[in-house]
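As structure tokens, the structure follows; a few thoughts come after it.
Numbering (our numbering), first residue to last: -4 to 114.
Here it is in structure tokens:
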């Protein structure tokens, strides 16, 4: 099951930050989704307009100061001791066009989408 999950035809996920230059920051405790993002996923779709930041420094700050504290609280609410940031993956370029970014203009619901392949 782990091998099947590591190389899906499609993976839909969420980045923690997307810079104005198109860099994508994904943070993880286990790293389970990172292999598919990095290489194995046939088509990767990353969603979320609210995660747009100016640059990589702001993106990494967002991971530590915004995403991780909220994930920590969410995991405690599920009965776990918290959350851990063990791995950070940064996509600088994807020449194959395998990754698409869909910017959803709202946190909840989808009224309009703007889709652009990462070059």
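For each residue, glycine too, the CB sits at the ideal point set by N, CA and C.
| Item | Value |
| --- | --- |
| Residue(s) in a DSSP beta bridge with residue 8 | 41 |
| Per DSSP, the bridge partner or partners of residue 67 | Residue 67 pairs with nothing; no bridge assigned. |
| Cut-off 8 Å between Cβ atoms - residues of its own chain near residue 61, not counting five sequence neighbours on either side | none |
| Whether residue 63 touches residue 14 by CB criterion (8 Å) | no |
| For residue 45 and residue 96, the rounded distance between their alpha carbons | 13 Å |
| Cut-off 8 Å between Cβ atoms - residues of its own chain near residue 28, not counting five sequence neighbours on either side | 6, 8, 21 |
| Cut-off 6 Å between Cβ atoms - residues of its own chain near residue 37, not counting five sequence neighbours on either side | 4 |
| Distance, residue 100 Cα to residue 106 Cα | Here residue 106 scores only 36 on pLDDT, less than 50, and its place in the model should not be relied on; the value that follows carries that caveat. Each residue's Cα considered, the two are about 8 Å apart. |
| Cβ-based neighbour list, residue 33, same chain, cut-off 7 Å, excluding 5 preceding and 5 following | 84 |
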